[in-house]
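*Asks:* Counting in our numbering, the sequence shown runs from 2 upward without gaps.
We treat Cβ as the ideally placed atom computed from N, Cα and C, and that holds for glycine.
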Amino acid sequence: MAQDKVSYRYAKAIFDYVKDGATLRSLIAELKEFAQIVSTHSELSLVLTGDIYSTEDRHAILKDLFLKKAFSETAKRVFMVLSSAKRLGLLSSVAERLQLILLESTNVMPLIVETAKTLEADEKKKIEEKFQTLLGKK
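Structure (structure tokens):
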């Protein structure tokens, strides 16, 4: 629960900083991609999310990664801020929260509907319209 609040705070700060929808969508994709990279490399994950290494060491490793993999300047800043705060382990959660904040800002409500059978396009459309009417959101 506490991590959700922390993730939300970082996501809200990033949202307020960036503001542009297209830039935010690109940034969310970069955050998710980097989180995937870190989660699939256990040693990298240990270095970047553990308490063993200093902030300077983590920043040096991040800068080395930036030479090997292109990220936007905004994404690099976010990684550095999260690293300084020892919060890179929350990157995936921050990206998810940021995506929800972006959707809410465009009056879109993400919903998952499970059905017993596969729906046709017109059936999906009817369900979407019903929820739009009920919730007043896309």
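Below 8 Å on the Cβ atoms is my contact criterion, and I expect T75 with V19 to pass it. Report the Cβ-Cβ distance as a whole number of Å.
*Replies:* Indeed, because the Cβ distance is near 6 Å, the residues count as touching under 8 Å.
*Asks:* Given a threshold of 16 other Cβ atoms within 10 Å of its Cβ, counted over all protein chains shown, does A96 qualify as buried or as exposed?
*Replies:* buried
*Asks:* Taking V7 as the reference, which of S106, A117, A122, A86 has the closest Cα?
*Replies:* A86
*Asks:* Is it buried or exposed, V79, if we count other Cβ atoms within 10 angstroms and call 16 or more buried?
*Replies:* buried
*Asks:* Hey, is the region 45-52 in contact with the region 112-128, meaning 3+ C-beta pairs nearer than 8 Å?
*Replies:* no
*Asks:* Between which two residues does the alpha helix (DSSP H) containing A30 stretch?
*Replies:* In the DSSP annotation of this structure, the continuous segment of the alpha helix (DSSP H) that includes A30 starts and ends at 22-41.
*Asks:* In terms of residues, what are the limits of the alpha helix (DSSP H) holding R10?
*Replies:* 3-19
*Asks:* May I ask you to report which of helix, strand or coil DSSP gives K118?
*Replies:* coil
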